[in-house]
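The structure appears below as structure tokens.
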Amino acid sequence: MMEKISDKIRYVGVNDIDKELFEGLWPLPFGVSYNSYLVIDEKVALIDTVEGGFEDEFMANIKNEIGDRKIDFLVINHMEPDHSSLISFIKEAYPDVTIITNAKAVPMIKGYQNCGIDNIHIVAEGDRLSLGSCELQFFMTPMVHWPETMVTWLASEGTLFSGDAFGTFGALTESLKDGFEYFCDEMTRYYSNIVGKYGTPVQTALKKLSALDIKRICSTHGPVWENEIADVVRHYDRLSRYEAEHGVCIVYGSMYGNTAAAAMELAESLERIGVPYALHDLAGNNEDSLGISGALRDTFRFDTIAVGSPTYNNGIFPPVETFMRAVASRLVKNRRFYAFGSYTWSGVSVRKLNEMAQELGFEIINEGGSFAQAYSTQKLDLKPVAELMKNRT
Ligand code: FEO
Numbered sequence: 006m007m008e009k010i011s012d013k014i015r016y017v018g019v020n021d022i023d024k025e026l027f028e029g030l031w032p033l034p035f036g037v038s039y040n041s042y043l044v045i046d047e048k049v050a051l052i053d054t055v056e057g058g059f060e061d062e063f064m065a066n067i068k069n070e071i072g073d074r075k076i077d078f079l080v081i082n083h084m085e086p087d088h089s090s091l092i093s094f095i096k097e098a099y100p101d102v103t104i105i106t107n108a109k110a111v112p113m114i115k116g117y118q119n120c121g122i123d124n125i126h127i128v129a130e131g132d133r134l135s136l137g138s139c140e141l142q143f144f145m146t147p148m149v150h151w152p153e154t155m156v157t158w159l160a161s162e163g164t165l166f167s168g169d170a171f172g173t174f175g176a177l178t179e180s181l182k183d184g185f186e187y188f189c190d191e192m193t194r195y196y197s198n199i200v201g202k203y204g205t206p207v208q209t210a211l212k213k214l215s216a217l218d219i220k221r222i223c224s225t226h227g228p229v230w231e232n233e234i235a236d237v238v239r240h241y242d243r244l245s246r247y248e249a250e251h252g253v254c255i256v257y258g259s260m261y262g263n264t265a266a267a268a269m270e271l272a273e274s275l276e277r278i279g280v281p282y283a284l285h286d287l288a289g290n291n292e293d294s295l296g297i298s299g300a301l302r303d304t305f306r307f308d309t310i311a312v313g314s315p316t317y318n319n320g321i322f323p324p325v326e327t328f329m330r331a332v333a334s335r336l337v338k339n340r341r342f343y344a345f346g347s348y349t350w351s352g353v354s355v356r357k358l359n360e361m362a363q364e365l366g367f368e369i370i371n372e373g374g375s376f377a378q379a380y381s382t383q384k385l386d387l388k389p390v391a392e393l394m395k396n397r398t
């Protein structure tokens with residue numbers, strides 16, 4: 006049984022340690038939690054539901070907290086199915102429940118849940134809902150990270166039910182609360198993979214929420230934040246402003262090991278001069294690789310990106326091109342860029358990578374390293390490149 010958050014607030018979410026790919030795309034080596042909360046007062050409110058497949062555990066968690074009491078209100082902060090899949094299930098179990106959500110969510114409820122949209126109370130910016138001795142208040146946070154997203158504020162406890170905001174990959178551990186150091190990498194990966202495109206809406210939401218005296222954040226993924234709120238908010242603030250630490254994210258794909266050899270040599274050169282780096286092989290040659298998911302995490306983490314691709318079909322090696330498009334779709338800014346890679350008869354990949362980087366406004370640190378055939382016979386002079394990367398932006 007999970008620890009109690011407070012007398013009024015109880016955790017009724019679930020850990021998912023079986024799902025391999027979140028959204029069908031993003032690996033979950035440490036699992037993920039789908040968080041749901043009860044606010045228990047004269048009326049009982051359930052804040053969000055959980056992913057389908059957890060009906061029994063979810064209901065057992067609810068019953069464990071409220072027994073045979075009914076749920077009066079189901080607050081839907083966000084309609085992505087990892088949180089909304091069990092709306093119909095809750096409506097069946099508690100037929101008198103009133104759904105509390107905003108107007109943009111209503112057609113999504115109908116579309117996803119194929120359930121009647123009777124007994125819905127639509128709220129708008131700043132609206133309040135009394136539960137008896139306390140009240141919930143609602144603030145719209147559009148595009149964090151869907152258009153209908155909102156957050157729920159319980160002022161009497163300084164508690165923000167924040168939806169995906171301040172969430173992280175990684176199943177909950179024994180402690181329900183805090184653990185920023187443990188979750189930090191998975192929070193960065195979650196942010197970069199899922200929310201990364203929406204830096205501007207996240208900044209807007211952060212400014213709006215800064216007016217609240219937040220003492221507790223109950224997100225839909227990961228721990229409840231109490232003692233590390235400043236760390237978590239600062240981290241989301243930095244990520245959504247595309248602020249990076251000094252270091253190099255080396256991302257490459259390789260067909261026969263030659264572009265990989267250049268990537269390794271660049272990593273060794275950086276290591277020798279003490280520049281932090283991360284190495285990501287996108288061609289599936291490393292069983293532990295997080296693929297594009299991990300590469301995006303470190304693209305958000307570091308101020309320099311080094312991308313290696315052989316020339317393939319007169320273009321960029323497909324997994325590397327997919328990575329670059331993923332970076333572009335997240336509107337990543339303020340990065341330095343270096344391209345390298347092998348070719349056999351016509352070197353195209355480095356030029357095309359540079360063109361993509363230029364479109365993103367990245368600072369291209371030099372023309373890049375293109376080499377013909379085997380790396381062992383055509384080595385790049387990577388020491389000066391590593392030295393350039395040592396310079397801080
Ligand atoms: Fe965790 Fe956007 O859903």
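First residue of the sequence shown? That's 6 in the numbering used here, and the numbers climb one at a time after it. Glycine included, each C-beta is placed from N, C-alpha and C at the ideal position.
Original post:
Cα-Cα, which of 194, 393 and 337 is closest to residue 296?
Top reply: For the purposes of this step, residue 296 is taken as residue 291 along the sequence shown, with counting starting at 1. Among 194, 393 and 337, the Cα nearest to that of residue 296 belongs to 194.
Original post:
In chain order, which beta strand (DSSP E) runs of at least 3 residues are fully inside the stretch 154-217?
Top reply: 155-159 and 164-168
**OP:** Alpha carbon to alpha carbon, how far is residue 46 from residue 300? Give it in angstroms, no decimals.
**Re:** Start at 1 with the first residue of the sequence shown, and residue 300 comes out as number 295. Start at 1 with the first residue of the sequence shown, and residue 46 comes out as number 41. Rounded to whole angstroms, residue 300 to residue 46 spans 45 Å at the Cα level.
**OP:** Ignoring anything shorter than 3 residues or poking outside the stretch 17-48, list the beta strand (DSSP E) runs there in chain order.
**Re:** 19-21, 37-39 and 42-45
Original post:
Would you say residue 269 reaches chain C, if we count a Cβ-Cβ gap shorter than 9 Å as a contact?
Top reply: In the displayed structure, chain C is absent; only one protein chain is listed.
**OP:** Going by DSSP, name the residue or residues bridged to residue 142.
**Re:** Within the sequence shown, the letter at position 137 stands for residue 142. Paired residue(s): 133 and 158.
Subject >> Residue environment, residue 324, which counts as buried when at least 16 other CB atoms sit within 10 Å >> reply: As a first step, residue 324 is located in the sequence shown; it is residue number 319 there, counting from the start. Result: buried.
Original post:
Can at least three beta-carbon pairs, one atom from the stretch 318-333 and one from the stretch 218-235, be found at a separation below 8 Å?
Top reply: Output reads no: the stretch 218-235 does not touch the stretch 318-333.
Original post:
residue 316 and residue 353: beta carbons closer than 9 Å?
Top reply: Taking the sequence shown and counting its residues from 1, the one referred to as residue 316 is at position 311. Taking the sequence shown and counting its residues from 1, the one referred to as residue 353 is at position 348. Contact flag set, yes.
Original post:
Should the stretch 37-54 be regarded as contacting the stretch 111-123, the criterion being three or more beta carbon pairs within less than 8 Å?
Top reply: no
Original post:
Within 10 angstroms of its Cβ, does residue 261 collect 16 or more other Cβ (buried), or is it exposed?
Top reply: Position 256 of the sequence shown, counted from the start, is the residue given in the question as residue 261. So residue 261 ends up on the exposed side.
Original post:
In or out: residue 22 buried (at least 16 other Cβ within 10 Å) or exposed?
Top reply: Here residue 22 refers to the residue found at position 17 when the sequence shown is read from its first residue. So residue 22 ends up on the exposed side.
Original post:
Does at least one heavy atom of ligand 2 sit under 8 Å from the Cβ of residue 85?
Top reply: Ligand 2 is absent from the structure shown, which contains only ligand 1.
**OP:** Identify whether residue 283 lies in helix, strand or coil by the three-state DSSP scheme.
**Re:** Reading the sequence shown from its first residue, position 278 is the one you call residue 283. In this structure, residue 283 counts as strand in the three-state DSSP scheme.
Original post:
Would you say the stretch 378-390 touches the stretch 271-289, given that touching needs at least three Cβ pairs under 8 Å?
Top reply: Flag = yes, the stretch 378-390 and the stretch 271-289 touch.
Subject >> Element boundaries [alpha helix (DSSP H), containing residue 276] >> reply: Counted from its first residue, the sequence shown places residue 276 at position 271. Counted as a single uninterrupted DSSP element, the alpha helix (DSSP H) harbouring residue 276 occupies residues 263-277.
Subject >> Collapsed DSSP secondary structure at residue 62 in the structure displayed >> reply: Within the sequence shown, the letter at position 57 stands for residue 62. Residue 62: helix per DSSP, three-state reduction.
**OP:** Just mark residue 153 as buried or exposed, buried being the case when its beta carbon has 16 or more other beta carbons within 10 Å.
**Re:** Translated into the one-based positions of the sequence shown, residue 153 becomes position 148. Residue 153 should be labelled buried.
Original post:
Which residue's Cα is closest to the Cα of residue 88: 114, 66 and 283?
Top reply: As a working mapping, residue 88 is identified with position 83 in the sequence shown. Here the closest residue by C-alpha is 114.
Original post:
Does the pairing of the stretch 169-183 with the stretch 211-230 give three or more beta-carbon distances under 8 Å?
Top reply: Short answer: they touch.
Original post:
Does any heavy atom of ligand 1 sit closer than 8 Å to the C-beta of residue 199?
Top reply: Residue 199 sits at position 194 when you count from the first residue of the sequence shown. At a cut-off of 8 Å, the beta-carbon of residue 199 counts as near ligand 1: some heavy atom of the ligand is closer than that.
Original post:
Who pairs with residue 93 in a beta bridge, going by DSSP?
Top reply: Against the sequence shown, residue 93 aligns to sequence position 88. Per DSSP, none; premise fails for residue 93.
**OP:** Determine the DSSP secondary structure at residue 10, reduced to helix, strand or coil.
**Re:** The residue you call residue 10 lines up with position 5 of the sequence shown. It is coil, neither helix nor strand.
Subject >> heavy atom of ligand 1 below 8 Å from residue 151 C-beta >> reply: Along the sequence shown, one-based indexing puts residue 151 at 146. For ligand 1, at least one heavy atom lies less than 8 Å from the Cβ of residue 151.
**OP:** Can you have a look at residue 30 and say buried or exposed, based on whether 16 or more other CB atoms are within 10 angstroms of its CB?
**Re:** Walking along the sequence shown from the start, residue 30 turns up at place 25. With fewer than 16 Cβ atoms within 10 Å of its Cβ, residue 30 is classed as exposed.
**OP:** Classify residue 375 as helix, strand or coil using the three-state DSSP reduction.
**Re:** Numbered from its first residue, the sequence shown carries residue 375 at position 370. It is a strand residue.
Original post:
Under the three-state reduction of DSSP, which class applies to residue 349: helix, strand or coil?
Top reply: As a first step, residue 349 must be located in the sequence shown, where it is residue number 344. Looking at residue 349 - three-state DSSP - the assignment turns out to be coil, as it is neither helix nor strand.
**OP:** Can you say whether residue 3 is buried or exposed, counting buried as having 16 or more other CB atoms within 10 angstroms of its CB?
**Re:** No answer is possible for residue 3: the residues shown for the chain start at 6 and end at 398.
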